[in-house]
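Asker: I'd like to ask some things about the structure below.
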Amino acid sequence: MYKEPNIDPKLLKPYDPKSTEDRIYSLWQESGFFNPDVCIEKGITSPDAEPFSIVLPPPNVTGTLHTGHASMLVIEDIMVRFARMQGKRTLWLPGTDHAAIATQSKVEKLIEKEEGKRKNDLGREEFLKRVEAFAQESHDTIVNQVKKMGASVDWSREAFTLDEKRSLAVRTAFKKMYDDGLIYRGHRVVNWDPKGQTVISDDEIVYEERKSKLYTFKYGKDFPISISTTRPETKVGDVAVAVHPTDERYVEFIGREYDEVFCGVPIHIKIIADESVEKEFGTGALGVTPAHSQIDADIATRHNLPTIQVINEFAKITVGEENLLGKKTTEAREVIVEWLRAEELLEKEEDITQNVSTAERTGAVIEPLPKLQWFINVNKPIADRGGKTLKELMLEPVLNGSLSIIPDRFDKVYRHWIENLRDWCISRQIWYGHRIPVWYMGEEIYCGIEAPEGEGWIQDEDTLDTWFSSGLWTFSTLGWPEETSDFKTYHPTTILETGYDIIFFWVARMILMSQYLIGDIPFKTVYLHGLVRDAQGRKMSKSLGNIIDPLDMIEKYGTDALRMSLIIGTGPGNDSKMSEDKIKAYKNFANKLWNITRFILSSTEGITHNPEFSSYTGADKALIAERDELFTTITKEMNEYKFYLAGEKLYQYAWTQLADVIIEESKTILTGTDEKAKESRAQFLLDTMSKITITLHPFMPFVTEELWSLLPIRDKQLLIVTKWPHGSTL
RNA sequence: GCGCGGUUAGCUCAGUUGGUAGAGCGUCCCCUUGACGUGGGGAAGGCCAGGGGUUCGAAUCCCUUAUCGCGCACCA
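Mapping of the first sequence onto the working numbering: residues 4 to 733, in sequence order.
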């Protein structure tokens, strides 16, 4: 036996996360072990080891991390540390997202508040400088927070959705899609955000239930059919009334045309028959406004009707006399309702609740407007993908099981979304983001990775939907379009861990891009976590003032405690509640581990752990069997991504079995006279403590690394790269 | 309208392939025991939302009702 010095004086005091965590994180960073190449160089990982890769869902550079990010980092760090300890070639690739619209509107608000200026006062170039400065600052804050959480990401490979390499990937992807005819420019009724002054995609709409009025009226005294609408102000742009072809009430009018003057605006209305009209709704007749309703636009296309735009980008009326012209839609509505009353055309006014479309970022009510925009065609057969459409490419891996979603009930949600998917509008009228790689000169259009040669070309003013670049994330971060060795080694990535709230925005788009551009899935498994809510189950929000800052919790209880509280009892796909009591309980647990170690070290003083020790007593053999059965179980659970179960079992074992039972009875054994039993028990305790420390490391990396440094174990590496015990054989 | 999820101890939630119900916090009682009072020992507390079915056996599988929440669609 080796004689060890007395136990470290650190152990004589309670565990102190504050004086430990930053020091340990630096130690890891200096070791280089977050980088799989270093692990191979130093002989920790075999060069032909199975790769395990995961990209960090890049946090938006709009500010700071919240508890949702914290829980994401915990789950992913557990996966990554576990993989690394299993000897896999493990890469966790970090980065941040420029989050175009979110970041731009945040900076716009800041500038307006602090300087009273709007972005046009500054100009594109100056404004972008401001946004970049803000983004840089957010980035630095985020990086610091990610480190505080203990995340073992490979900082040497850090990426940003708007940096040079990712921009090249974006332009390359765009050009290929353009050349394949998947990206096209089209005039369509799109979702216009009057506040953000940009188009947004269908997915960026949030439906809000609001009380509203349904008005029933006629365009004029002699008009034969009454119609119902919640938006009378758009009716100055009507070109038709659509009825169901079999509606007996109206059948005789089909094909007739009428001229009316509606609130001072001349309109020409044709009565048409269309299957999409429901006889039961309202009067069973629908006023068709092709410019300001997507459904009406579809009807207009079918019947070859003209499109008359009557509302502009600022949600103001563009027709009529001074009573209407230039009025906001809400004001114009009142004007028209008043006019209808005065003319005795208004027949009914009903209170209804309706789903109002609002913009996710700005909260503005969406104004459908006809616009020339860029779209991705999801229904066009692609020649070099076996004639499949993007929709089919997105669906395929989920249907055939090559890509699995945890929990699997989200399969259905995903499939349902794809089935309803329409062309994706990818152009945005904002400045911050990837400029569309298309140039114009007169009638000529050029799409390329670089600007065209020659004078006079003007680049498209618009930028791309931020999710276009996020969609490339699994491979743009690995060097694509170059065939780098990282790309070859780590793609498809092993798993994507993210919130279920962005399954459409992000997960689906990554599958689309990877399937199309690479011809392969972006990841084998998707693990979806839920929302972290406050103790009452409410969503955390600034307006409610119920936001818990993870950094405050770290300050109070330590990162390990926060991590345990975020993982235990949190199954995939389910929302969880943040509870300070729970964090406190795990702070106590960290201290408990500390004290267990103190007991073991002080009562086995001078003894070094001997992994080959074989003279265990019968009693200790039984304890080993029981313990190793636990390790077998939790290893299985970890492999199945059931960290919430494994973590809890380790906690239970360490506290109620090791501390409460085994250590209690060890007191008699270790102070007794049976030397064989003493030696056996001492080795058992050291062995068990070392294995508990190893297996708890993915969950509580700081306290375990610190304890590991104090354990009398020969030839040890940092715990972060120590091999995971595989059940009873190790 | 279509779909999904929840409903388990006072509170927050676990419960892996169906086999006598678990944890944290809280509550009550006891203990300055030589790792730890950020502790230890003990206790109370549950017709697992209701009903029906399958089964030797159901919190777990099926049907149904209620209720809360979510997603999608509609939104004239």
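Note that beta-carbon positions come from the ideal geometry of N, C-alpha and C, so glycine has one too.
Around the Cβ of E630, are there at least 16 other Cβ atoms within 10 angstroms (buried) or fewer (exposed)?
Answerer: The count along the first sequence starts at 1 and reaches residue 630 at position 627. The displayed chain sequence assigns Arg, not Glu, to residue 630. Classification for R630: buried.
Asker: Report, in whole angstroms, the separation of the C-beta atoms of L481 and F36, which I expect to be a contact under 8 Å.
Answerer: Here the question's residue 481 lines up with position 478 in the first sequence. Here the question's residue 36 lines up with position 33 in the first sequence. Their Cβ separation, rounded to whole angstroms, is 20 Å, which puts L481 and F36 out of contact at 8 Å.
Asker: Using only CA atoms, which one of W597, N380, P39, Y644 lies nearest to S159?
Answerer: Working through the first sequence from its first residue, we reach residue 159 at position 156. Considering only alpha carbons, the answer is P39.
Asker: Can we say the stretch 524 to 535 touches the stretch 552 to 566, given the rule of at least three CB pairs closer than 8 Å?
Answerer: By the criterion of at least three beta-carbon pairs nearer than 8 Å, the stretch 524 to 535 is not in contact with the stretch 552 to 566.
Asker: Work out the CA separation of L185 and E395 for me, nearest whole Å.
Answerer: Numbered from its first residue, the first sequence carries residue 395 at position 392. Numbered from its first residue, the first sequence carries residue 185 at position 182. The straight-line gap separating the alpha-carbon atoms of E395 and L185 is approximately 14 Å.
Asker: Using DSSP with H/G/I as helix, E/B as strand and the rest coil, what is T237?
Answerer: Stepping through the first sequence from its first residue, residue 237 is reached at position 234. It is helical.
Asker: Is the beta carbon of S231 closer than 7 Å to that of T310?
Answerer: Within the first sequence, numbered from 1, the residue matching residue 310 stands at position 307. Within the first sequence, numbered from 1, the residue matching residue 231 stands at position 228. In this structure, S231 does not lie closer than 7 Å to T310 by Cβ.
Asker: Grouping DSSP H, G and I as helix and E and B as strand, with all else coil, what is R344?
Answerer: Locating residue 344 in the first sequence gives position 341, where the first residue counts as 1. Under the three-state reduction of DSSP output, R344 falls in the helix class.
Asker: If you reduce the DSSP assignment to three classes, tell me which class H72 lands in.
Answerer: By 1-based counting over the first sequence, the position of residue 72 is 69. Three-state result, H72: helix.
Asker: In this structure, how does DSSP classify T732 when only helix, strand and coil are distinguished?
Answerer: Stepping through the first sequence from its first residue, residue 732 is reached at position 729. Caution applies to T732, whose pLDDT of 38 falls short of 50 and renders its modelled position unreliable; the model cannot decide the point.
Asker: How is Y503 classed by DSSP in three states: helix, strand or coil?
Answerer: Here residue 503 refers to the residue found at position 500 when the first sequence is read from its first residue. If DSSP states are grouped into helix, strand and coil, Y503 belongs with the helices.
Asker: Residues in its own chain within less than 6 Å of N89 by CB, not counting five upstream and five downstream?
Answerer: Along the first sequence, read from residue 1 onward, the residue named residue 89 stands at position 86. Strictly speaking, residue 89 in this sequence is Gln, with Asn absent from that position. Contacts found: W727.
Asker: With DSSP as the reference, label S204 as helix, strand or coil.
Answerer: Taking the first sequence and counting its residues from 1, the one referred to as residue 204 is at position 201. Residue state, collapsed to three classes: coil.
Asker: Which term fits M556, buried or exposed, when burial requires 16 or more other beta carbons within 10 angstroms of its beta carbon?
Answerer: Within the first sequence, the letter at position 553 stands for residue 556. Classification of M556: buried, given that the 10 Å Cβ count is 16 or more.
Asker: Within 10 Å of its beta-carbon, does V254 have 16 or more other beta-carbons around it, so buried, or fewer, so exposed?
Answerer: Start at 1 with the first residue of the first sequence, and residue 254 comes out as number 251. Exposed: under 16 other Cβ atoms inside 10 Å.
Asker: Give the straight-line distance between the Cα atoms of S472 and I274, rounded to the nearest whole angstrom.
Answerer: Within the first sequence, the letter at position 469 stands for residue 472. Within the first sequence, the letter at position 271 stands for residue 274. Their Cα atoms are separated by approximately 46 Å.
Asker: Counting C-beta neighbours from all protein chains within 10 Å, is the total for N194 16 or more, i.e. buried, or is it exposed?
Answerer: Indexing the first sequence from 1 puts residue 194 at position 191. With 16 or more other Cβ atoms within 10 Å, it is buried.
Asker: Would you call the CB atoms of Y589 and T106 closer than 7 Å?
Answerer: Indexing the first sequence from 1 puts residue 589 at position 586. Indexing the first sequence from 1 puts residue 106 at position 103. Cβ atoms of Y589 and T106: not closer than 7 Å.
Asker: What are the uninterrupted segments assigned as alpha helix (DSSP H) that are 4 or more residues long and contained completely in the stretch 456 to 486, given in chain order?
Answerer: 469 to 473, 476 to 479
Asker: Just the Cα atoms here: how many angstroms apart are E7 and T611?
Answerer: Within the first sequence, the letter at position 4 stands for residue 7. Within the first sequence, the letter at position 608 stands for residue 611. Note on E7: pLDDT 43, under 50, position unreliable in the model; no value is reported.
Asker: When the Cα of R191 is compared with those of E278, Y417, L375, which residue comes out closest?
Answerer: Walking along the first sequence from the start, residue 191 turns up at place 188. In this structure, L375 is the residue among E278, Y417, L375 with its C-alpha nearest to the C-alpha of R191.
Asker: What is the DSSP secondary structure of M641, counted as helix, strand or coil?
Answerer: Numbered from its first residue, the first sequence carries residue 641 at position 638. If DSSP states are grouped into helix, strand and coil, M641 belongs with the helices.
Asker: Out of E281, E236, V246, state which residue places its alpha-carbon closest to the alpha-carbon of I228.
Answerer: Position 225 of the first sequence, counted from the start, is the residue given in the question as residue 228. It is V246.
Asker: Inspect the CB distances between the stretch 335 to 344 and the stretch 288 to 304 and report whether three or more fall short of 8 Å.
Answerer: When C-beta atoms of the stretch 335 to 344 are compared with those of the stretch 288 to 304, fewer than three pairs fall below 8 Å, so the two segments do not count as touching.
Asker: What are the start and end residues of the alpha helix (DSSP H) that includes K527?
Answerer: To locate residue 527, count along the first sequence from 1; it is residue 524. Segment 526 to 532 is the beta strand (DSSP E) holding K527; no alpha helix (DSSP H) there.
Asker: Could you work out which residue in G267, V381, M703 is closest to S568 when comparing CA atoms only?
Answerer: Translated into positions along the first sequence, residue 568 becomes position 565. Ranking G267, V381, M703 by Cα distance to S568 puts M703 first.
Asker: Please list, in chain order, all residues of the same chain as I666 whose beta carbon is under 7 Å from its beta carbon, the five residues on each side excluded.
Answerer: Residue mapping note: residue 666 aligns to position 663 of the first sequence, counting from 1. Excluding positions up to five away in sequence, the list reads I599, F602.
Asker: Using the C-alpha atoms, what's the distance from T691 back to L15?
Answerer: The count along the first sequence starts at 1 and reaches residue 15 at position 12. The count along the first sequence starts at 1 and reaches residue 691 at position 688. Between L15 and T691, the C-alpha separation is close to 21 Å.
Asker: Does the Cβ-Cβ distance between L343 and F220 come in under 7 Å?
Answerer: In the first sequence, the residue the question calls residue 343 occupies position 340. In the first sequence, the residue the question calls residue 220 occupies position 217. At a Cβ-Cβ threshold of 7 Å, L343 and F220 count as neighbours.
Asker: Return helix, strand or coil for L393, following the three-state DSSP convention.
Answerer: By 1-based counting over the first sequence, the position of residue 393 is 390. Here L393 sits in helix by DSSP.
Asker: S579 and C428 - do their beta-carbons sit closer together than 7 Å?
Answerer: As a first step, residue 428 is located in the first sequence; it is residue number 425 there, counting from the start. As a first step, residue 579 is located in the first sequence; it is residue number 576 there, counting from the start. With contacts defined as CB atoms closer than 7 Å, C428 and S579 fail to qualify as a contacting pair.
Asker: How should K214 be labelled, buried or exposed, when 16 other C-beta atoms within 10 angstroms of its C-beta is the threshold for buried?
Answerer: Numbered from 1 along the first sequence, position 211 holds the residue referred to as residue 214. The residue in question, K214, is exposed, as its Cβ has fewer than 16 Cβ neighbours within 10 Å.
Asker: Would you list, in sequence order, the uninterrupted alpha helix (DSSP H) runs of no fewer than 4 residues that lie entirely inside the stretch 42 to 118?
Answerer: 70 to 88, 103 to 118
Asker: Using the DSSP secondary-structure output, state which residues sit across from A276 in a beta bridge.
Answerer: Along the first sequence, read from residue 1 onward, the residue named residue 276 stands at position 273. Answer is V246.
Asker: By Cβ distance, which residues of its chain are closer than 6 Å to S296, with the 5 residues on each side in sequence left out?
Answerer: In the first sequence, residue 296 corresponds to position 293, counting from 1. Contacts found: P371.
Asker: For the putative contact between G267 and G189, defined by C-beta atoms under 8 Å, what is the C-beta separation to the nearest angstrom?
Answerer: Working through the first sequence from its first residue, we reach residue 267 at position 264. Working through the first sequence from its first residue, we reach residue 189 at position 186. Actually they do not touch by this definition, with Cβ atoms about 33 Å apart.
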